[in-house]
Amino acid sequence: MVQVPTGSGPDQVSAAPRSARRAPIPRVGRERPTGSNFELYSWYFFRVSGLLLILLAVTHVVIMHVVNTVDEINYDFVVDRWNSPFWRGFDWLMLILALLHGLNGARIAVDDYVRPRGWRVFAHSVLWSAAIIFLIIGSIAIVTFNPEAVVTAGR
Amino acid sequence: MASNYRGYRPPQGMVSWALHRLAGLGVLVFLLLHIVDIFAVGYGPEAFNDLLFIYRHPIFRAGEVILVAGLYYHALNGIRIILVDFWSKGWKYERQMFYAVVALFLLSFIPTAILMLRPLF
Ligand code: HEM
Ligand code: HEM
Numbered sequence: 439m440v441q442v443p444t445g446s447g448p449d450q451v452s453a454a455p456r457s458a459r460r461a462p463i464p465r466v467g468r469e470r471p472t473g474s475n476f477e478l479y480s481w482y483f484f485r486v487s488g489l490l491l492i493l494l495a496v497t498h499v500v501i502m503h504v505v506n507t508v509d510e511i512n513y514d515f516v517v518d519r520w521n522s523p524f525w526r527g528f529d530w531l532m533l534i535l536a537l538l539h540g541l542n543g544a545r546i547a548v549d550d551y552v553r554p555r556g557w558r559v560f561a562h563s564v565l566w567s568a569a570i571i572f573l574i575i576g577s578i579a580i581v582t583f584n585p586e587a588v589v590t591a592g593r
Numbered sequence: 182m183a184s185n186y187r188g189y190r191p192p193q194g195m196v197s198w199a200l201h202r203l204a205g206l207g208v209l210v211f212l213l214l215h216i217v218d219i220f221a222v223g224y225g226p227e228a229f230n231d232l233l234f235i236y237r238h239p240i241f242r243a244g245e246v247i248l249v250a251g252l253y254y255h256a257l258n259g260i261r262i263i264l265v266d267f268w269s270k271g272w273k274y275e276r277q278m279f280y281a282v283v284a285l286f287l288l289s290f291i292p293t294a295i296l297m298l299r300p301l302f
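Printed below as a string of structure tokens:
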């Protein structure tokens, strides 16, 4: 499974001088999965969503913590930002990608640690339910946010 | 040349993997809480502003710095994983790229952390 790049065949290894012999080089990441379409799509999704999240999540954190500080964040701050459809769209895309990327990552970790079949099915169900519930909560927050409605309701 | 003997020390590939997983899961836990706290904006200024004391609490501030560290490391190491997967020569420079990740992490994280904590100075 794990590809260990070695010179060129077994003879090479023993013939190499002592100082050139190295521990097998560990391969990072996972090999591109074969066998199941779902796993292949998941593998690509990690990489594509990851690249987009660099833009989205890192920009978001820089806006919150470097351009502003947590002391400046309050209700009016969000009203200002969500006035612009651009930032609503930005946040929505980030919500979807971060949630699916993160929960899919948790699924990979579950497969590594949870062996009994029943528990694994249970854990997968929890993760997919969380994906649906948090997608709904997050989308409601972005889509239905309407400061004017709140102000009138408060009076 | 440095000795290849590693004793009980884990290989750097394992360290980078374990940190990647830990950071990814950590950011995920924060994200779930975060979706709930942002949901409170829908309930108006009092509800949301009252909740924000959490973000300003010293313990949470320390947590935010750790969160950003996790996000930066995960993002940089993610780029390294993608390079190893898609760049034909990537596997040859896996180790060097890990050192690049560490260097870029320090270069980006330290200034961010200082700016994040600037209200305290
Ligand atoms: C402690 C650091 C952070 C602060 C202070 C913060 C602050 C905020 C604020 C004020 C909003 C409201 C909308 C806006 O102004 O754009 C928001 C929304 C959002 N943030 Fe963050 N954020 C932080 C970290 C993160 C991280 C690391 C992620 C990604 C994993 C993230 C993902 C999101 C998402 C997805 C939304 C939209 C929420 C929803 O749909 O209900 N945030 N954040
Ligand atoms: C900022 C840009 C990001 C990049 C470039 C990135 C990249 C990656 C890559 C390449 C993987 C490897 C997938 C595999 O094993 O095939 C991964 C895994 C993972 N990511 Fe991200 N990611 C990013 C943001 C996030 C965020 C915001 C979260 C949390 C909400 C997250 C959570 C995870 C988790 C939990 C895993 C699984 C780790 C494991 O099981 O070993 N990532 N990421």
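Sequence lines, in order, name chains G and V.
Each residue of the first sequence is one higher than the one before, counting from 439 in the working numbering.
Each residue of the second sequence is one higher than the one before, counting from 182 in the working numbering.
Note that beta-carbon positions come from the ideal geometry of N, C-alpha and C, so glycine has one too.
In the stretch 506 to 523 of chain G, which residues sit with their C-beta less than 9 angstroms from some C-beta in chain V, listed in chain order?
Thr507, Val508, Asp509, Ile511, Asn512, Tyr513, Asp514, Val516, Val517 and Trp520
Run the CB neighbour count on Thr472(G), radius 10 Å, all protein chains shown included, and call it buried at 16 or more, exposed below.
exposed
On the three-state DSSP scale, how would you describe Pro448(G)?
Reliability fails at Pro448(G), whose pLDDT of 42 lies under 50, so the model's placement of it is uncertain and the value that follows must be treated cautiously. Helix at Pro448(G).
Between the C-alpha atoms of Ser487(G) and Gly540(G), what's the straight-line distance to the nearest angstrom?
10 angstroms
Specify the secondary structure class of Arg261(V) as computed by DSSP and reduced to three states.
helix
What number of angstroms, rounded off, separates the C-alpha of Tyr548(G) from the C-alpha of Ala587(G)?
The question names Tyr, but residue 548(G) in the sequence shown is Val. Rounded to the nearest angstrom, the two C-alpha atoms are 43 angstroms apart.
Is there a C-beta anywhere in chain G that falls below 7 angstroms from the one on Arg190(V)?
no
Of the choices Tyr274(V), Arg299(V), Phe290(V) and Ala204(V), whose alpha-carbon is the least far from that of Val508(G)?
Arg299(V)
Exposed or buried, which one is Ser522(G) when buried takes at least 16 other CB atoms within 10 Å?
exposed
Check whether Ala221(V) and Phe229(V) have beta carbons under 7 angstroms apart
yes
Cβ-heavy atom distance between Val208(V) and ligand 2 below 6 angstroms?
yes
Which residue comes first and which comes last in the alpha helix (DSSP H) that contains Val581(G)?
Arg555 to Thr582
Leu233(V): contacting residues in chain G (beta-carbon distance under 9 angstroms)
Val508, Ile511, Asn512 and Tyr513
Tell me the residue span of the alpha helix (DSSP H) that contains Trp481(G).
Asn475 to Leu491
Inter-stretch contact at 8 angstroms, needing at least 3 Cβ pairs: the stretch 223 to 240 of chain V / the stretch 550 to 562 of chain G:
no
Pick from Ser577(G), Leu489(G), Glu469(G) and Leu491(G): whose alpha carbon is nearest that of Trp481(G)?
Glu469(G)
Under 7 angstroms between C-beta atoms, does Leu212(V) make it to chain G?
yes
Neighbouring residues, chain G, relative to Phe302(V) (Cβ below 9 angstroms)
What Phe302(V) touches in chain G: nothing, since even the nearest Cβ is about 12 angstroms away.
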